[in-house]
Amino acid sequence: MLLLPLPVTVSTCLANSPSKASETSLVKEKEFTQLSERVKSVDLHPTEPWILASLYSGTVCIWNYQSQTLEKSFKVTESPVRSAKFIARKNWIVTGSDDKFIRVYDQDTMEMIKEFEAHKDYIRCVSVHPSLPCVLSSSDDMLIKMWDWEKGWECTQTYEGHSHYVMQSVFNPKDCNTFASASLDGTIKIWNLNSPAPISTLEGHSKGVNSVDYFINSEKTYLLSGSDDYTVKVWDYEAKTCVHTLESHTNNVCAVCVHPEFPIIITSSEDGTICIWDANTYRLENTLNYGLERVWTVGCKKGSDQVAFGCDNGTIMISPLRLEIKRKLAQRSERVKSVDLHPTEPWILVSLYSGTVCIWNYQSQTMAKSFEVTELPVRSAKFIARKQWVVAGADDMFIRVYNYNTMDKIKVFEAHTDYIRCVAVHPTLPYVLSSSDDMLIKLWDWEKGWVCTQIFEGHSHYVMQVTFNPKDTNTFASASLDRTIKIWNLGSPDPNFTLDAHQKGVNCVDYFTGGDKPYLITGSDDHTAKVWDYQTKSCVQTLEGHTHNVSAVCFHPELPIIVTGSEDGTVRIWHSTTYRLENTLNYGLERVWAVGYMKGSRRIVIGYDEGTIMVKIGREEPVASMDNSGKIIWAKHNEIQTVNIKSVGADFEVTDGERLPLAVKELGTCDLYPQSLKHNPNGRFVVVCGDGEYIIYTALAWRNRSFGSALEFVWSLDGEYAVRESTSKIKIFSKNFQEKKSVRPTFSAEHIYGGTLLAMCANDFICFYDWAECRLIRRIDVTVKNLYWADSGDLVAIASDTSFYILKYNRDLVSSYLDSGRPVDEQGVEDAFELLHETNERVRTGLWVGDCFIYNNSSWRLNYCVGGEVTTMYHLDRPMYLLGYLANQSRVYLIDKEFNVMGYTLLLSLIEYKTLVMRGDLERANEILPSIPKEHHNSVARFLESRGMIENALEVATDPDYKFELAIQLGRLEIAKEIATEVQSESKWKQLGELAMSTGKLEMAEDCMKHATDLSGLLLLYSSLGDAEGISKLASLAKEQGKNNVAFLCLFMLGKVEDCLQLLVESNRIPEAALMARSYLPSKVSEIVAIWRKDLNKVNPKAAESLADPDEYPNMFDDWQVALSVESKVTETRGVYLLQRST
């Protein structure tokens, strides 16, 4: 499914498809192409797989795009039929033509139901009201008319207001009482069905308007218009303002369309291109050019991702915009002459005609580095990743080498006597090849100081490119404007042989990397690309389609495709087995000069006159499946290989996340290009699905058991299977490969899923059916990305784009309901499913082990979910995909895109324990607990705590800190005290002491506070109890530990004022001591003042002298004698009260 703002994906497939191997779903899933006269309109039937095409020749055709056949055809008139539409609810077809007549036909019998003259000039468009019995017609007579078929096709309204041809009219999908019209008078008008005059007029195009369509963006309805001024405009028609102008086409815009299912705008033009735009950002996402001249019409239908195009030469294409080309980078720059991909970093190396070399980071979409190499064009630059270098060849005849980390220039030397066209790096040896307009090829050895170790002579014109043979790196091929390709050996200056390749100069050459085919591909100024068998020296295939020089070619190392780029501005993608053109890309950046790729990646970089584009083709998820015994089968291109996890020796120490050393065995080949591969439940059979077909093989011998057409294939739990042949047809087969049932859902089935029930998925809901009779079990309104059934058949995980849901299937309830014979409504059996849990995480891949759902999320963390609790097992360091779980090894296995298999420990006993707890069977859970290793007990305890079973968690937990927390939660102070005694943590003693005090356990509180050395707490406790002895001991302890404030309070509470004064003096708080003596012990004032004077004299003698001693100046102290007499009496009773209270 296409989801923007991701770059648009494009898919198509040709009619009259040859063999299984002839189609590929890499760039196309389903396409229909049929030659005819010029196509003026297309329409898609809402339920049948039909395209209605009206032709300039006066004929109307109905094509079945599934069977690739002509269903019906009827001659309407000798004049062009410019518009034809299905009236599906009446099984009619309505047409409007240049003879001014509207005709209505029965689509089944092809009988004409009605014919009448509707206008005085050509009829440009007919539009069918979505609910009322009305048809609008617009004409060159500048009128729009409404016809009511329930009134015998009476004209019930004529709409006047345009001053030129009315090209199109379209109903408002949110308010079907209004419609919009487009006219060559340069305006769009909005009308109400009941009024002959327009409501409003939109003006903004500088030339005539050919097409109009409504679309809803953020709940607001806009209008879209296409014009002869080459632009498309987006209108807020209520405000009568142009919101945005889309500019890319280079000729009249003929058709505009907003896809009813995806946020994309599709526009077509007389320039022969189809542009696809993001409807939210209005960014151009893709440009398609099928080389079929002018594109007159575009058609979509609600509930489907399919789009039909009608072109000048009569070709009609149905394109599910589903797979698989995603633009990852678009950077404008000077003319790009070469591109290269770094093997490990997310970098693109780009050499420019301006003399600059840039490194772009395609992940961050930023320029990582830039080198000003020369003032002249740099025609070729390559990474030498193992040396962290970049090597560049330029028109100044010099080769330069840079360190791409430090940007230091490592070496510069004059390599040729004319422009350097290409540099090529040897994959293993320290060699670089260079080719030049001096007609020479040279070999340079960087370990010998970049000395030229060999010169290869033989070409008689510019040598445009050289490339090493990946299967024999001692040989390489060269392409030259002398029209030949030469094959060379590194040890010889003369060519091994020459291929007289093309009628004009050869610009590019590349080797086929996969399989055993000894193939080369070349691109030439004769506008063709040719595939060569360099062993037999024969041309295998000529690829024709470009309209200018072919400047770049490549065999993709990971996909069965050939990519060619041309000065006509297009990049063409061809099937490398059938050599059929699969797709044509045109990003509007003028001429294509370079194409770059990298082994192990599905990314392709394209260099243009005006910048660089990177696209990603296909999924990087490996096509692989593992059975219950650990046997893995995977597909590398068309080659099928197998490994066995059990082949890892017992002496091999398996480490979590470490690549397993598995011996790969060749199992066979596949007749189609695999897009999915899956074992059946018992592992006996394997299905391969791709190219719109499926093949079932035996897993051991790889023998073909059955095959057929399928866009998708799913297994049931007992070995039956279903295939989705189209959005409207699903077939169910028995275990014996015999068709049991054919189902036509009432909605557009975009996906199907197997398991306990057969699930059919639309864009915003999923319906579950039983396998036996295909009865509806339940409809659930959710957008489904994937679906995973547990082996028990009672649990299912539904994954959406942002979260997943765990549901319980109530099998017995459903059986009882169906057996009762009660009718099932369109929602199914009400309580068939019960929602157990919802988790806000995106699931990339998932599987069930018992009642445990294992998955990796969008951050590539490996998690498992039991009872709604998610536990992270491991953080994966790269994208990995779940294969399966082996219970006897207690390990879950994953695979990466390089087909490396890794295992991670997940104890089955742990899963079983958690499952039993969830079911409430604690007795059996406790029986399993001893089999769980101690190091996992804390994980078990946390699970129990999350379930509110804190007592059980306390019994299981082994970590002292965690166990202490649980004991505190439960108020189990004795257990907490034992742990604190064992751990001897001051913080734990303090926490426990506070809890003990709050619960009235004062003796424990005192003990805890002593262990925690919580002097403040002890002070509070002793003072509350009136414990003079305790306070006395606390005073000594506090003084020893320097806690003077606590010691002072203790002494003061005991009435030991002399000791308080002494403590203040010892702690150098002499002024406070003097003031305290004045208040509580006047007889000590003179003594303290003397100490104060002595101390103050050290810093300020004058201040020291100003201190008054009451013995020397009694007149300065009021009632001094009274104070002394009071002191003598108070001293007799000081300290008595506390002592008496404590006894």
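Letter by letter, the sequence shown follows residues -15 to -1, 1 to 1128 in mature numbering (1 follows the signal peptide of the UniProt record, and there is no 0). C-beta: ideal position from N, C-alpha, C; glycine also.
Would DSSP call residue i helix, strand or coil?
| i | result |
| --- | --- |
| residue 403 | coil |
| residue 378 | strand |
| residue 1110 | helix |
| residue 38 | strand |
| residue 722 | coil |
| residue 70 | strand |
| residue 450 | strand |
| residue 730 | coil |
| residue 515 | strand |
| residue 6 | Here residue 6 scores only 29 on pLDDT, less than 50, and its place in the model is too uncertain to base an answer on. |
| residue 972 | helix |
| residue 97 | strand |
| residue 1116 | helix |
| residue 224 | coil |
| residue 1102 | coil |
| residue 1182 | Because the chain is modelled from -15 through 1128, residue 1182 falls outside the range shown and cannot be assessed. |
| residue 937 | helix |
| residue 53 | coil |
| residue 802 | helix |
| residue 966 | helix |
| residue 277 | coil |
| residue 497 | coil |
| residue 1051 | helix |
Under the DSSP definition of a beta bridge, which residues are partnered with residue i?
| i | result |
| --- | --- |
| residue 383 | 399 |
| residue 107 | BP columns for residue 107 are empty, so no partner. |
| residue 745 | 737, 752 |
| residue 846 | 860 |
| residue 706 | 700, 718 |
| residue 672 | 663, 681 |
| residue 44 | 60 |
Can you list, in chain order, the residues of its chain whose CB lies under 6 Å from that of residue i, leaving out five sequence neighbours each side?
| i | result |
| --- | --- |
| residue 837 | 849, 851, 896 |
| residue 1196 | With the chain running from -15 to 1128 in the structure shown, residue 1196 is simply not present. |
| residue 584 | 542 |
| residue 996 | 974 |
| residue 826 | 842 |
| residue 1049 | 1057, 1058 |
| residue 268 | none |
| residue 1093 | 1101 |
| residue 237 | 213, 255 |
| residue 4 | Legend: pLDDT at residue 4 = 30, less than 50; position of this residue unreliable, no value from coordinates given. |
| residue 245 | 285, 287 |
Excluding five sequence neighbours on each side, which residues of the same chain lie with their C-beta closer than 8 Å to the C-beta of residue i?
| i | result |
| --- | --- |
| residue 863 | 845, 881 |
| residue 513 | 487, 527, 528, 529, 531, 535 |
Near residue i, which residues of its chain fall below 7 Å by C-beta distance, leaving aside the five closest residues on each side in sequence?
| i | result |
| --- | --- |
| residue 945 | 964, 967, 968 |
| residue 948 | 939, 942, 964 |
| residue 149 | 127, 168, 169, 170, 193 |
| residue 981 | 958, 989, 990, 993 |
| residue 1045 | 1033, 1036, 1037, 1061 |
Whole runs of the beta strand (DSSP E) within the stretch 231 to 269, excluding any shorter than 3 residues: 238 to 243, 249 to 254, 258 to 263
Whole runs of the alpha helix (DSSP H) within the stretch 874 to 926, excluding any shorter than 4 residues: 893 to 904, 907 to 913
Every unbroken beta strand (DSSP E) inside the stretch 974 to 1019 [3 residues or more]: none
3-residue-minimum beta strand (DSSP E) runs that sit fully inside the stretch 608 to 647, ordered along the chain: 608 to 611, 616 to 621, 624 to 629
The stretch 470 to 481 contacting the stretch 437 to 449, beta-carbon criterion three pairs below 8 Å: When C-beta atoms of the stretch 470 to 481 are compared with those of the stretch 437 to 449, three or more pairs fall below 8 Å, so the two segments count as touching.
Length-filtered (3 minimum) beta strand (DSSP E) runs lying within the stretch 124 to 189: 129 to 133, 139 to 144, 151 to 156, 163 to 168, 172 to 177, 185 to 188
At least three beta-carbon pairs within less than 8 Å, the stretch 907 to 921 to the stretch 864 to 875: no
Stretch-stretch touch, CB-based, cutoff 8 Å, three pairs: the stretch 500 to 509 with the stretch 520 to 536: yes
Validate contact between the stretch 630 to 649 and the stretch 659 to 672 using beta carbons, cut 8 Å, 3 pairs: no
The stretch 647 to 657 / the stretch 595 to 607 touching (three or more Cβ pairs under 8 Å): no
Three-pair Cβ contact test at 8 Å for the stretch 364 to 374 versus the stretch 311 to 325: yes
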